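Working notes, beginning with the structure itself.
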Amino acid sequence: MNAALAATNEAEAIANADLAATREAEAGAERETALVEAHIRATAEADADAQRQVAETQREEAQSSERAAQEAYSLSLAANARQALETNNAELALLLALAANKIENPPLAAWRALVDVAYAPAASKKIRFTDDIPLSFDVMPDGRYLLIGTDKGEVQLRNVGTKEIVTNLVGHEASVMSVLINDDGTRALSGESSGTAILWDLESGQLLHRLPGHSDAVVALDFLPGGNRAITGVYSEVAPAELTVWDLETGQMISRFGNTAEGNRSGLSSLAVLPDGNTVIVGIYRFADVDTPQFILWDIENEEMIQPFQTATGSSISDIAISPDERSALLASYDDNIYLFDLSTNEIVRELSGHETDVLSVVFSADGKTAVSSSGDDSIIWWEVSTGRILNRFKGHTENVRQVEFLNSNQIVSISDDQSLRVWDLHSNWEMDRWNLEAQNEGDLLTSFEMYPNGEAILAVLNWHTLITIDYESGEETVLLENFSERISTNDDLSNSICQVSSETAPLIGHQG
69 MNAALAATNE
79 AEAIANADLA
89 ATREAEAGAE
99 RETALVEAHI
109 RATAEADADA
119 QRQVAETQRE
129 EAQSSERAAQ
139 EAYSLSLAAN
149 ARQALETNNA
159 ELALLLALAA
169 NKIENPPLAA
179 WRALVDVAYA
189 PAASKKIRFT
199 DDIPLSFDVM
209 PDGRYLLIGT
219 DKGEVQLRNV
229 GTKEIVTNLV
239 GHEASVMSVL
249 INDDGTRALS
259 GESSGTAILW
269 DLESGQLLHR
279 LPGHSDAVVA
289 LDFLPGGNRA
299 ITGVYSEVAP
309 AELTVWDLET
319 GQMISRFGNT
329 AEGNRSGLSS
339 LAVLPDGNTV
349 IVGIYRFADV
359 DTPQFILWDI
369 ENEEMIQPFQ
379 TATGSSISDI
389 AISPDERSAL
399 LASYDDNIYL
409 FDLSTNEIVR
419 ELSGHETDVL
429 SVVFSADGKT
439 AVSSSGDDSI
449 IWWEVSTGRI
459 LNRFKGHTEN
469 VRQVEFLNSN
479 QIVSISDDQS
489 LRVWDLHSNW
499 EMDRWNLEAQ
509 NEGDLLTSFE
519 MYPNGEAILA
529 VLNWHTLITI
539 DYESGEETVL
549 LENFSERIST
559 NDDLSNSICQ
569 VSSETAPLIG
579 HQG
C-alpha cells in the first residue's frame, strides 16, 4: 500500500513537473511573442517618426520653395515697377510696387522700390493746355504768378495756386516765343514769331509799346539795368541775326547791330545782359552750312564784338543764365551738355553732363549753388553747380521740356511740347530736409542716414559722432548716441549695430524691431 501511494505521488510529481515545464515553455513563448511585438511596435514608431520627419522636411522644403517663389515674384514686380517709373508711368509703377510688397516680410529690394516709387519726384501741380502749347514763360517776383506765352499768340497771367488765368494780355498776332518780367514785376516784354516785341504794364494789363521791325522771330530779350532800356535778339535762318536796343519809355529803337557776316552769322537762340549793363552774351543757333562761333560777347554801347567763343563740339547754345553773384554764366548746349563760363577769365571751367539730348534751358537758383535744366529728352535735372553733381532728375513730361524756372527755393516749374505746365517739389518727403535739419540742428552736419524698413523712422548720424532717430511723420528726434568716441555710419541693412571707421561696433540703445 505504501508502495502504491509512493508510485501515485511520484506520478503526480512527474505530472506536475511536466505541467510546470509546459507552463514555462508557454511563458517563454509569450515572452518571445511580447518581445517580437515590442520590436514591431518600436519599428513602427521609428518608421512613423521617420515618416513624420520626412513629412516635416517636405513641408519645410515646400514652404521654402513657396517663399522663394514669392520672393522671386516680388522682386520681379519691384523690377517692373522701377521700369514703369523710368518710362514715366507713375501710376503703374505704384501699383506694381504695392503688389511687390503684399507678401509677408517682403524683400528689402521690394520695399525700397515702393519707397522710391512712392516718393519719386513728381509734379505737385499740373496745368493742361487743350487748345494751345506753352512756348515761353517767366515767374513773377513773388512766385505766385506766371506769365505764359503760347503758340496761339496769348500771354496769360496765371495764378500758380489756383491755376486760373487772371489776365489775358491781348496784342500778339503770332506765337509768343519769349517772355520776360522786370525785377519789380510791374512790366514785361514778350516777343513773337512774326518779328514784333511788346512791352506790357502788368498792373493794368495794358499794351505800352509795340517794338516792331525785327527780321524774324524774337526769341531772346532782356532788360538793361534800370529797366528803361531793353535788348532783343532774333532767330534767323536766312540772314545774320540782329541785336536791337530799345528805349522803353518811348518805344523807339536806339540801335541795331550784329547782323553782318563778321557778327552774328546765324540765328540767335538766347542772350543775357551782363552786370555792367554794357555787355551782352549771345548764344548762336548754328546751322549746318554756317561756320559760326557758339556764343559771342558784344559791347552794346559801341556795337562791337568783344570776343567770339567756340565750344569743343561746336554745337548751338540754346540758353544762357547769369549767376546771382554775377561771376559766371551757364550755357545750355545742343551737344547735351551745360558749360560753366567764368565771366572774369572768359573761360569754360566746368562741364555738366547728364542729359541724353539737346539741353533747351538752364537757370541758376537764387543762391547760385544749384541750377536746373530742361531737355529734349523729356527730363529736368537739378544740379550742384560747384561739382557738376546731379542732385535729382525729374521725369513726367512726354515731349521736349522747353523751359524750366525756379518758382521759389523749394519748387520749380516747367513747360513742355506735351501741352502741359508742371510745378515740381525739389525736395520729396523721402529727403531729410523735410524736417529742415539745418534749422533744428544749427551747425550740425548730416553725415549719414538710412530709413528703417518699416518706413516709420530715419536713422541719422550728425557730425560723425552722434546718432539720432527721426520719426517720419512728426519729425521728432531721439538721441541714441551722443559724442561717440569713434566715427559712426549707418548700415545698409539697419541691423542692430552701427558700423564705424574702426573695427568696433556700438549697439543701438533703445532700438526696437
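Heads up: the sequence shown runs through residues 69 to 581, numbered per this note's numbering.
Ideal Cβ positions, reconstructed from N, Cα and C, are used throughout, including at glycine.
Note that the structure is a prediction, hence the values are computed from the model and not measured.
According to DSSP, simplified to helix, strand and coil, what is residue i?
{"i": "His-277", "result": "strand"}
{"i": "Tyr-141", "result": "helix"}
{"i": "Glu-372", "result": "strand"}
{"i": "Gln-119", "result": "helix"}
{"i": "Ser-132", "result": "helix"}
{"i": "Glu-92", "result": "helix"}
{"i": "Trp-532", "result": "coil"}
{"i": "Thr-76", "result": "helix"}
{"i": "Asp-367", "result": "strand"}
{"i": "Asn-327", "result": "coil"}
{"i": "Asp-86", "result": "helix"}
{"i": "Gln-487", "result": "coil"}
{"i": "Glu-113", "result": "helix"}
{"i": "Val-104", "result": "helix"}
{"i": "Asn-476", "result": "coil"}
{"i": "Asn-236", "result": "strand"}
{"i": "Thr-318", "result": "coil"}
{"i": "Arg-127", "result": "helix"}
{"i": "Asn-414", "result": "coil"}
{"i": "Glu-545", "result": "strand"}
{"i": "Arg-555", "result": "coil"}
{"i": "Asn-70", "result": "helix"}
{"i": "Arg-99", "result": "helix"}
{"i": "Asn-148", "result": "helix"}
Rounded to whole angstroms, what's the CA-CA distance from residue i to residue j? Just pull it up for me.
{"i": "Phe-363", "j": "Glu-371", "result": "16 Å"}
{"i": "Val-430", "j": "Arg-135", "result": "49 Å"}
{"i": "Ser-133", "j": "Val-228", "result": "54 Å"}
{"i": "Glu-129", "j": "Val-122", "result": "10 Å"}
{"i": "Arg-470", "j": "Trp-450", "result": "15 Å"}
{"i": "Leu-103", "j": "Asn-173", "result": "52 Å"}
{"i": "Asn-478", "j": "His-495", "result": "7 Å"}
{"i": "Val-247", "j": "Asp-184", "result": "36 Å"}
{"i": "Arg-333", "j": "Asp-446", "result": "30 Å"}
{"i": "Ile-538", "j": "Leu-549", "result": "13 Å"}
{"i": "Asn-531", "j": "Glu-545", "result": "16 Å"}
{"i": "Ala-114", "j": "Glu-105", "result": "14 Å"}
{"i": "Gly-230", "j": "Glu-330", "result": "Checking the sequence, you will find Thr at residue 230 rather than Gly. C-alpha separation (whole angstroms): 49 Å."}
{"i": "Gly-351", "j": "Glu-554", "result": "53 Å"}
{"i": "Ser-272", "j": "Pro-392", "result": "30 Å"}
{"i": "Glu-124", "j": "Trp-492", "result": "55 Å"}
{"i": "Leu-365", "j": "Asn-346", "result": "10 Å"}
{"i": "Leu-73", "j": "Ala-83", "result": "15 Å"}
{"i": "Ala-79", "j": "Ala-88", "result": "14 Å"}
{"i": "Asn-497", "j": "Tyr-187", "result": "Annotation note: pLDDT 48 at Asn-497 (below 50); position unreliable, no value reported."}
{"i": "Met-373", "j": "Ala-147", "result": "55 Å"}
Check whether the Cβ atoms of residue i and residue j lie closer than 8 Å to each other.
{"i": "Asp-219", "j": "Ile-195", "result": "no"}
{"i": "Glu-419", "j": "Gly-444", "result": "no"}
{"i": "Ile-483", "j": "Phe-462", "result": "no"}
{"i": "Pro-556", "j": "Leu-535", "result": "First, the residue type needs correcting, since residue 556 is Ile and not Pro in the sequence shown. Cβ distance < 8 Å, so Ile-556 and Leu-535 count as in contact."}
{"i": "Val-234", "j": "Leu-475", "result": "no"}
{"i": "Ala-149", "j": "Ala-158", "result": "no"}
{"i": "Leu-311", "j": "Ala-256", "result": "no"}
{"i": "Ser-488", "j": "His-465", "result": "yes"}
{"i": "Ala-309", "j": "Gly-335", "result": "yes"}
{"i": "Leu-279", "j": "Asp-269", "result": "no"}
{"i": "Ala-178", "j": "Ala-168", "result": "yes"}
{"i": "Gly-221", "j": "Ser-204", "result": "no"}
{"i": "Ser-401", "j": "Ile-390", "result": "no"}
{"i": "Leu-182", "j": "Leu-166", "result": "yes"}
{"i": "Asn-327", "j": "Ala-298", "result": "no"}
{"i": "Ser-396", "j": "Asp-410", "result": "yes"}
{"i": "Leu-143", "j": "Leu-164", "result": "no"}
Would you call the region 374–383 and the region 429–438 touching, i.e. three or more CB-CB distances under 8 Å? Touching, no.
Report yes or no: do three or more beta-carbon pairs, one from the region 249–259 and one from the region 287–301, lie closer than 8 Å? yes
Evaluate contact between the region 260–267 and the region 238–247, counting only Cβ atoms and requiring at least three cross-stretch pairs below 8 Å. yes
May I have a chain-ordered list of the beta strand (DSSP E) segments no shorter than 3 residues that lie completely inside the region 151–205? 191–196
Does the contact criterion of 3 or more C-beta pairs under 8 Å hold for the region 315–324 versus the region 332–351? Verdict: no, contact absent.
Sequence ranges, beta strand (DSSP E) only - wholly within the region 238–309, length at least 3: 244–249, 255–260, 265–269, 274–279, 285–291, 297–303
Continuous beta strand (DSSP E) assignments of at least 3 residues falling wholly in the region 374–456: 385–390, 396–401, 405–410, 415–421, 427–432, 438–443, 447–452
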